[in-house]
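These notes concern the structure reproduced below.
Residue numbers (the UniProt record's numbering): 1 to 196.
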């Protein structure tokens, strides 16, 4: 069921080399693609949390990775959709229990390899967006050492590699949705990203 949801949502994205690589991985790995114990590479879900004015982002300091990053992680057996996994991870890691996604639309695809301190070798991450008030009470989880708001254009020096570009891409998806007068964030193929 979760595998079918992942396949359907990624298939619905505009064509592009990264989307096509995701589809190839999901199809070839089958159910293993959505299971944490399914092999050294698997799908993960993440959630970029922004303030309502989109000027700040809420990040967690990943204890194992030693960097600031968006909320996210492995899919669990009880997750029914990729979007529900993303919001579950964000709620668990931020402590904001009433956090909700802007929509169940994918805004980011990012395959990244992991260092030697991790059991798996690569994550095929799928990103979503949620909004939270700046005064929302946050709680540090077991998986992070800190949770803090940052200006989207002034991320910490020890942010995860590529985080600034991923945040920029997620914000563009939200803006495209607003311009299209839609509640759905509008994904654009990563091939269209502007590198800084």
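Cβ atoms here follow ideal geometry from the backbone N, Cα and C, with glycine treated the same way.
Which two residues bound the contiguous alpha helix (DSSP H) that contains residue i?
i          : result
residue 6  : 2-11
residue 87 : 82-94
Which of helix, strand or coil does DSSP assign to residue i?
i           : result
residue 194 : Annotation note: pLDDT 41 at residue 194 (below 50); position unreliable, no value reported.
residue 144 : strand
residue 122 : strand
residue 178 : helix
residue 155 : coil
residue 134 : coil
residue 62  : strand
residue 163 : helix
If you compare alpha carbons, which of the options is closest to residue i?
i           : options          : result
residue 124 : 53, 161, 25, 170 : 25
residue 74  : 68, 84, 66, 164  : 84
residue 121 : 40, 137, 50      : 40
residue 135 : 95, 15, 46       : 95
residue 143 : 28, 72, 77, 163  : 72
residue 197 : 82, 98, 101, 91  : The question about residue 197 has no answer here: the residues shown for the chain are numbered 1 through 196.
residue 19  : 106, 52, 68      : 106
residue 3   : 29, 21, 146      : 29
Along the chain, where does the beta strand (DSSP E) that runs through residue i open and close?
i           : result
residue 113 : 108-113
residue 69  : 67-69
In chain order, which continuous runs of the beta strand (DSSP E) of length 3 or greater are located wholly inside the region 7-59? 41-50
Counting pairs of beta carbons, one from the region 24-36 and one from the region 53-64, are three or more of them closer than 8 Å? no
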